[in-house]
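Presented below is the structure to which this report refers.
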Amino acid sequence: MSPGDNDRSKKPSWHNEPSGSMIAAILNENPSTDIPPKDSFTYKHDSPRPTLPSQDWCLVRVKAAGLNRAELRGRAALPPGRAELNIFQDEYHEAPPKILGEEMVGVVEQAGSETSFKAGAVVTAFIYGGGKAHDGAYAQYAICHKRRLYQLPFSDADDVEKRMGWEVLGAIPMSMWTAYGSVFEAGRLGHRCKGNKEVLLIHGATSSVGIWAILLAKDKGFTVVATTRKENKIQRLKAAGADHIILDQDLDQEISKLFPDGVDVVLELVGPDATERTLCLTARYGSVVCTGVLSKQWSVEGFTPAIIPPCRNLTFYGMTNSGCLGSDDEGLDQVEPMLSYVISQVEAGKFKREVFLDKVFDLEDVGSAHEYMENNQAVGKVVVRVP
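Okay, so the sequence shown: first residue is 1 according to full-length UniProt numbering, each after it adds one.
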């Protein structure tokens, strides 16, 4: 029996008494992999509006929601791993909530007295529970615990509209931070050699995390190799700044030619089924960081450490080290400074919005957005505009 199943009568920490109504995209009854994305949601104008569960929470007026591949699983009612619920692991349950969405940008509507936020603050939320434990960002209002809410460098909502726009801002936070953590924290790019001589291979580079990994690695002067399965995406990867672009079917041969000793770090975004292949492309003491699941192969049967070649490293990165004792908040003090830096680079034109923002959908078309992502049509971030 899991901890979250011990007492069904106990109210979860996110329990609240709704007050008023809002627009939301509601996941239909009995979700499954057999239901097409466009038939999976109902757009409602009278969905119950949440209130603060406690003074440790904030209520946010959502302006834009960045889509993430974990939400594709939630739509199909495929259960998340316990660690994916992050700070809500002890309240784990398999069934998705009615409102998906684990990432948003918006404005604090109401701030709990035990938080450091003020009403009107421009924020982003990594609501890991959203779309997994409790209702998420596919709505005009969403709740977020103070431990996963971050202030952004804007004075108010008008400042966002004037300087950047909500859709562009919504394409940055979670994908950028995942890319940064995967490449520099988990992969330790730059730690094997002095200077910036190391090589990063991004397997499945057209995802939003992949695009941000290219931008961030090139910003520090590293060599980047990007892969794609589709020739029509090559130009987009060139625009992002990749030094070498390889079609996936040619990967092994081309890496052997370009880097006979292997690459230093692999960011594996295709899925766990590809790790055995990319591990063999790493240099001695090189690392493979498994983060994404473009292949829709969410797990691999019969995985064994024996597939890892000698003197190579395999790690998984999922935003934080949640799931290990004492690590839930480790490293998150860098989120706000990193977001501020990246936003400044977007405004300066160094990180171009047409590179990292692929397409914007209206909230009422979120099913089409899911279909677009599921078919791997995007090169960069897919964002939903919230009315």
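Every residue gets a Cβ at the ideal spot worked out from N, C-alpha and C, and that includes glycine.
It should be emphasised that the depicted structure is a prediction, and the values quoted were computed from it without experimental measurement.
Does the count of Cβ pairs from the stretch 247-260 and the stretch 187-196 closer than 8 Å reach three?
no
Just mark E330 as buried or exposed, buried being the case when its beta carbon has 16 or more other beta carbons within 10 Å.
Counting from one through the sequence shown, the residue named residue 330 turns up at place 330. So E330 ends up on the exposed side.
Should K238 go down as buried or exposed, given a rule of 16 or more other Cβ atoms within 10 Å for buried?
Here residue 238 is taken as the residue at index 238 of the sequence shown, counted from 1. It is exposed - the Cβ of K238 has fewer than 16 other Cβ atoms within 10 Å.
I'd like the span of the beta strand (DSSP E) that includes T223, first residue to last.
As a working mapping, residue 223 is identified with position 223 in the sequence shown. From DSSP, the beta strand (DSSP E) with T223 extends over 223-228.
Go ahead and label Q89 buried or exposed: buried means 16 or more other beta carbons lie within 10 angstroms of its beta carbon, across all protein chains shown.
In the sequence shown, counting from the first residue as 1, residue 89 sits at position 89. When all chains shown are included, Q89 counts as buried.
Euclidean distance between Cα positions of P97 and L27
Mapped onto the sequence shown, residue 97 falls at position 97. Mapped onto the sequence shown, residue 27 falls at position 27. Going from the Cα of P97 to the Cα of L27 covers about 8 Å.
Secondary structure, alpha helix (DSSP H): runs of 4+ residues fully inside the stretch 136-177
157-163, 166-170
Own chain, CB closer than 6 Å to A242, minus 5 neighbours either side, in chain order:
As a working note, residue 242 is residue 242 in the sequence shown. Excluding residues within five positions, the ones whose Cβ falls inside 6 Å are I214, V224, A226.
Count the other CB atoms, across all protein chains shown, that sit within 10 Å of the CB of E102; report buried if there are 16 or more and exposed otherwise.
Within the sequence shown, residue 102 is the residue found at index 102, counting from 1. E102 is buried by the Cβ-count criterion.
Do Y141 and R82 count as a contact pair if the criterion is CB distance below 7 Å?
For this step, residue 82 is matched to residue 82 along the sequence shown. For this step, residue 141 is matched to residue 141 along the sequence shown. No, the Cβ-Cβ distance between R82 and Y141 is not below 7 Å.
In the DSSP assignment, what are the bridge partners of L357?
For this step, residue 357 is matched to residue 357 along the sequence shown. Bridge partners of L357: K381.
Return the bridge partner residues of I246 from the DSSP annotation.
On the sequence shown, position 246 is the one that residue 246 refers to. Partner(s): T227.
Exposure of G170, with buried meaning 16 or more beta-carbon neighbours within 10 Å
Position 170 of the sequence shown holds residue 170. G170 should be labelled buried.
Just to confirm before moving on: does the CB-CB distance between W177 and K63 stay below 7 Å?
Numbered from its first residue, the sequence shown carries residue 177 at position 177. Numbered from its first residue, the sequence shown carries residue 63 at position 63. No, these two residues do not count as a Cβ contact at 7 Å.
Please classify D264: is it buried, with 16 or more other beta-carbons within 10 angstroms of its beta-carbon, or exposed?
As a first step, residue 264 is located in the sequence shown; it is residue number 264 there, counting from the start. The residue is buried, with at least 16 neighbouring Cβ atoms inside 10 Å.
Using the three-state DSSP reduction, which class does L279 fall into: helix, strand or coil?
If you number the sequence shown from 1, residue 279 lands on position 279. Of the three classes helix, strand and coil, the one that applies to L279 here is helix, per DSSP.
Using DSSP with H/G/I as helix, E/B as strand and the rest coil, what is E268?
Residue mapping note: residue 268 aligns to position 268 of the sequence shown, counting from 1. The answer is strand: DSSP assigns E268 an E or B state.
Which ranges does the beta strand (DSSP E) cover as unbroken runs of at least 3 residues, wholly within the stretch 17-80, from first to last along the chain?
21-27, 41-48, 57-66
Quick one: give me the first and last residue of the beta strand (DSSP E) that H370 is part of.
As a working note, residue 370 is residue 370 in the sequence shown. It is not in any beta strand (DSSP E) - H370 instead sits in the alpha helix (DSSP H) that spans 366-374.
Tell me, please, which residues DSSP counts as bridged to V199.
In the sequence shown, counting from the first residue as 1, residue 199 sits at position 199. BP columns for V199 point to T223.
From residue 388 to H370, what distance separates their C-alpha atoms?
The question about residue 388 has no answer, for the chain in this structure spans 1 to 387.
Residue burial classification, S19 (beta-carbon count within 10 angstroms, cutoff 16):
Sequence index remark: in the sequence shown, residue 19 carries index 19 (1-based). Exposed, by the Cβ-count rule.
Please list the terminal residues of the continuous beta strand (DSSP E) segment that includes V183.
If you number the sequence shown from 1, residue 183 lands on position 183. Element bounds for V183: n/a, residue is neither H nor E.
Assuming G120 and V60 make a contact with CB atoms under 8 Å, what is their CB distance in whole Å?
As a first step, residue 120 must be located in the sequence shown, where it is residue number 120. As a first step, residue 60 must be located in the sequence shown, where it is residue number 60. Not quite, the Cβ-Cβ distance comes to about 11 Å (not below 8 Å), so this is no contact.
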